[in-house]
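Encoded as structure tokens, the structure appears first; notes follow it.
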Amino acid sequence: MVEPIVKWAGSKKHVIPALLSVFPSSWGAYYEPFVGGALVLSHLYSTGRVTRAVISDTNPDLINLYEVIRDRPDEIRAVMERLSFRNERRYYLSARRRFNRLRLSGGNFVERAALFLYLNRQGYNGLWRVNSRGLYNVPFGNYDTLNIPPWDAVMEFSRMLGSVEIRHMDFEAAVQDAAEGDLVYFDPPSVSSLNSSGSFSHMPGGFSAREQERLLRTVRQLTDRRVMVVVSSPWNEGLVDTYSEFHIMAVQPRGDNGNMAGGRKGMGELIITNYEPAPSALSEYLRPVPLPANSGAR
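With full-length UniProt numbering applied, the sequence shown has no gaps in its numbers, which climb one by one up to 298 at the end.
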């Protein structure tokens, strides 16, 4: 099993069985804008369900890391060994300063990728956050140990990326060449993570209500081109109304007592498709919940 090498906000680890159960049995090319930690891609690749993949994200440092890991693994390994990463606050702050200098200057893509991986793994909760000057400012995570993935795991991830096209672009542009029979999976920034300014702290540039409307328009355009689409999001009442023309399911986790949480407040994740999913068994911890608002599906 290929494992993601970065920690990323909004991971679907807790709902991956339910999510993959609604994927079609086959498709052409697989597209994943908002790729983040690439957890879904890793599962699909490990189970032989993807042959051609196109991933994208607007975060230039995440994309740089993936491109360097794919194309220059020996170089980044040498840089990581030279930097001799440590689980120390003082070292972390020094690495953060160096990373920000490289980020602003646009220099040394390999070292920048190595530092990004270190900061992601040792920074607080795997957050990605920059200030108004474009400087990464996530604090030290105070972990008990160094959390850098073993090199064997990095190489497994690199081999997976060897068959993947990587794009640094907006989600709408990234799927313009998706054709009939292809599959697009959107995992946009969570509506529930809106901060007081109305933008998303973990995505530079934010993901506003206007962006949600643009995503809906993109899903409609893909549907008209007979491209299969899956959208996932933490539970949000507004999104149920927004996507009411499509097939909507809610997945809710079991409580500590093993029972399913009742009512809409207990629902944890929305899964939306523009096709009717085949009946399938989910994991023992998850199940789809019918929604009254699920009417008028295409």
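No residue lacks a Cβ here, since even glycine has one placed at the ideal position from N, Cα and C.
Around V2, the same chain offers S42, Y45, S46, E156, F157 and M160 as residues with beta carbons nearer than 7 Å, after the five sequence neighbours per side are excluded.
Within the same chain, V229, V231 and N274 come within 7 Å of V219 by CB-CB distance, once the 5 residues on both sides are set aside. One thing to note: Y118 has its Cβ within 9 Å of the Cβ of I148. The shortest CA-to-CA distance from G141 to any of P150, A153, V130 and N120 is the one to N120. Residue burial annotation: N59 is buried, with at least 16 other C-beta atoms found within 10 angstroms of its C-beta.
Residue V175 holds the alpha-carbon nearest to the alpha-carbon of A53 among S21, Y92, P277 and V175. Taken in chain order, the complete beta strand (DSSP E) segments of 3 residues or longer contained in the segment 125-213 are 164-168 and 183-186.
Beta-bridge partners assigned by DSSP to Y30: A53 and L183. Closest in C-alpha terms to A114, from the list T145, W151, Y143 and L135, comes W151. Judged by beta-carbon spacing, W235 lies within the 9 Å limit of L270, meaning their Cβ atoms are closer than that value.
Residue pairing of H247 in beta bridges, as defined by DSSP: T273.
P60: member of the alpha helix (DSSP H) spanning P60 to D71, first to last residue. About 20 Å separates the beta carbons of P4 and F171, which is beyond the 8 Å limit, so they are not a contact pair.
Straight through space, the alpha carbons of S132 and E237 are spaced by roughly 31 Å. Of the residues assessed, A38 falls on the buried side of the cut-off, its CB having 16 or more other CB atoms within 10 angstroms.
For S105 and G134, the gap between their C-alpha atoms comes out near 11 Å. The segment 74-124 is shown to contain no whole beta strand (DSSP E) run of 3 or more residues. Annotation: W27 to Q221 spans about 18 Å, alpha carbon to alpha carbon.
Under the three-state reduction of DSSP, S25 is assigned to coil, being neither helix nor strand.
Taking 9 Å as the cut-off, the beta carbon of V50 is found no closer than this to the beta carbon of K12.
Approximately 17 Å separates the beta-carbon atoms of V154 and I55; this is outside 8 Å, ruling out the contact. A distance of 9 Å or more separates the beta carbons of F109 and E81. Distance between L216 and A178, taken at the CA atoms: about 16 Å. CA-CA distance, W8 to W128, rounds to 8 Å. The C-beta distance from D61 to F116 rounds to 5 Å, short enough to fall under 8 Å. Ranked by Cα distance from N64, the options V130, E111 and P277 are led by E111.
DSSP lists V184 as the bridge partner or partners of V229. The C-beta distance from E276 to H247 rounds to 6 Å, short enough to meet the 8 Å contact threshold. Around the beta-carbon of A78, fewer than 16 other beta-carbon atoms lie within 10 Å, marking it exposed. The DSSP-derived three-state label of P234 is strand.
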